Amino acid sequence: MTENPTDIPSDVPAGAEESEPAPLTIDQAIENLQGSDLGLRMYAAWWLGRFRVSQSDAIQALISALEDTEDRTEAGGYPLRRNAARALGKLGDRRAVSPLVQCLDCTDYYVREAAAQALGALGDSSCSPHLLNLLQQPGEPETQTDAPMPQPYDAILEALGALQATDAAPVVKRFLSHEVDRVRFSAIRAMYQLSSTVEEAHHYGEMLMQALSHPKLQLRRAAMADLGAMGYLKAAEPIAKTLAENSLKLIALQGILEHHLQTQPNHEISDEAIAVMTLMDELL
Amino acid sequence: MTDSLQTLITAVQTADSSTKLIGSVRQLAATADIGAIPTLIDTLGYNNPGAAVAAVDGLVAIGEPAIPAILDQLDQHNYTARSWAIRALAGIGDPRGLVTLLGAATADFAVSVRRAAARGLGSMKWHWFPPDVLEIAQEEALEALLFAATQDDEWIVRYSAIVGLQSLAIAVRTTYPQWNQQITSQIRAIAINDECLTVRARCIMAQRHLSMISDAQPPASDGRRSFNLEDTEWQRIMVQLYERKQKERQAFPEGDPQRFRSIAADLRTR
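Residue numbers (the numbering used here), protein chains in the order written: chain A, 138 to 421; chain B, 4 to 273.
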């Protein structure tokens, strides 16, 4: 477990949110977002997403921030655009879809990544062809020195899966043999969601479950997160037994539980739900 | 100390990789031998989460004989080791850990520590307490768990507090039926009001569980009625509990609405 860089028990999520003061009012945050102080603008964009401020002027200000040109990193990135895209992904307003699609052409890898994630979260499948297009584009590595891959493949694949973009399945499938493990996992997760039959879905679910015993902790963590996001009920017990932090197992099991509850009439607490919670109780 | 135990301890002390360390701590922990205590305690401070988890499991398996060493560890100024030690205390449920867990469940800055402490408060070995200490001990546990269940920002801490309240409700069912009722009505309210679906679901599970427990059923027990603590030690625990209660009063002075927050929340649910 040398991969773990923290000096606190790794069970402690690295969330600053706990101690995060909330000194802003909604009006102040919107004003700061349009002001001249770059630091305050970044914070305001994050803050509006964190506190789910979905009123119209906040959305408009965040959409405008997607075109910001003042805040630049040395490597050529647009940090404010990244934060604005992430916030828009949390606010559920589909007016953001078209501006976020524009961001898929941004030269900053991390803006493209944040935009793909936000589009997946917003659930408007009209953007699927653009995501599919990006998946097949070579990318521009020469313009950005800190990009890990030509394209944020994992984010794009996950968005296509979340958007049920069944047309994309043949292209997504090609990523099942991608050299980067994280990308491969995202492709499996997307294929699970794009499966046309139960048998096919199980095939991909089982494939990801095997990764729970991968020798690398980071990949076991990633597999747990993916199985949790997929809501793959059969993975509940294997996740509880995986060698990883309890806090991450609990989050994955929460994903499975809530996914399951949402398929039940009136969120009925089924025997399966009780079984998942019993596993969770043991991990507290 | 047996040779094989010494071999396992040496393996922990000489492990030259993270994987070897985790493996050898796990083997040592599996012995549940009191001779392993000092080495397991040392492991809590190694900044290796995998090894620390295994060491906590070992200390929990050893149980009460490990308590003095764990409490010593709490006095050291190593935050990481301290938070793992609290988790061991939560797992053992020994009365000497109660005051630490009360503080940790409501005020520790690490989510995982609050989570473990809340669970631990519910699964205290209440039957080990002498009657005069039991009342204030359970009252303070109730207060801390209700606070965590309704006020904590993190869903997992609220979830854990519900699990703790479920256990506490069973423990006080025949002795303090009014507290049992208070817990039941709070859980009913949280089942409707919590923003997190998982917390609401756990409340419904707790409600079902509590309604199935019949009055004829005695509280869970490991068969031991009492516990050999020195009178002075019980005295110390009691003094600490009263100090804590006193501080709560001072923290929310007369007239401060927060002081009545739990009472108000309780009234709302009736």
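Don't be surprised by glycine CBs; every beta carbon is placed ideally from N, CA and C. Every value quoted in this text rests on a predicted model; they were computed, and no experiment measured them.
query, result
"Against M414/A, what residues of chain B qualify as contacts under a CB-to-CB distance less than 7 Å, listed in chain order?", "A204, R205 and M208"
"Report back the beta-carbon spacing between A202/A and Q254/A to the nearest angstrom; my notes put them in contact at under 8 Å.", "Contact doesn't hold; Cβ gap of about 16 Å is too wide."
"Considering S21/B, what are the terminal residues of the alpha helix (DSSP H) in which it resides?", "S21 to T34"
"Between the Cα of G167/B and those of G94/B, M241/B and D6/B, spot the shortest distance and give me the residue it belongs to.", "G94/B"
"Is E250/A buried or exposed, if buried means 16 or more other CB atoms sit within 10 Å of its CB?", "buried"
"Relative to chain A, which residues along the stretch 109-122 of chain B have a C-beta separation below 9 Å, given in chain order?", "F112, A113, V114, S115, V116, R118, A119, A121 and R122"
"Closer than 8 Å, Cβ to any Cβ of chain A: which residues of the stretch 146-175 of chain B, in chain order?", "D156, E157, W158, I159, Y162, S163 and V166"
"Any chance you could list the alpha helix (DSSP H) runs of at least 4 consecutive residues sitting entirely within the stretch 292-358 of chain A, in chain order?", "306-311, 318-331 and 335-347"
"Kindly indicate if chain B contains any beta-carbon less than 8 Å away from that of A410/A.", "yes"
"Indicate the three-state DSSP secondary structure (helix, strand or coil) for Y82/B in the structure shown.", "helix"
"Cβ closer than 9 Å: which chain C residues qualify as neighbours of S384/A?", "Absence of chain C from the displayed structure is noted, the protein chains being A and B."
"Starting from W182/B and walking both ways along the alpha helix (DSSP H), at which residues does that stretch end?", "P180 to N196"
"Below 8 Å, can you find three or more Cβ-Cβ pairs linking the stretch 143-150 of chain B to the stretch 398-413 of chain A?", "no"
"Quick check on DSSP: helix, strand or coil for K128/B?", "coil"
"Alpha carbon to alpha carbon, what distance is there between L213/B and P68/B?", "33 Å"
"For the putative contact between T83/B and L92/B, defined by C-beta atoms under 8 Å, what is the C-beta separation to the nearest angstrom?", "No, T83/B and L92/B are not in contact; Cβ-Cβ is about 15 Å, not under 8 Å."
"Is it a yes or a no for the stretch 26-40 of chain B touching the stretch 6-18 of chain B, going by three-plus beta-carbon pairs under 8 Å?", "yes"
"As a quick exercise: from S163/B, A209/B and V242/B, pick the residue whose alpha carbon is nearest that of M417/A.", "S163/B"
"Counting only beta-carbon separations shorter than 8 Å, does T187/B have a partner in chain A?", "no"
"Spatial neighbours of L185/A within its chain, please: CB distance less than 6 Å, with the 5 preceding and 5 following residues excluded, ordered by chain position.", "A166, A195 and A224"
"With distances taken Cα to Cα, identify the nearest neighbour of A121/B among D135/B, G53/B and G100/B.", "G100/B"
"Looking at C-alpha atoms only, which residue of R189/A, K386/A and L199/A is the closest neighbour of M179/A?", "L199/A"
"Any idea if P146/A is buried or exposed, counting beta-carbon neighbours within 10 angstroms, 16 or more meaning buried?", "Residue confidence is low: P146/A scores 39 on pLDDT, short of 50, so the model does not pin down where it sits. Its coordinate-derived value is still stated next. By the 10 Å Cβ count, P146/A comes out buried."
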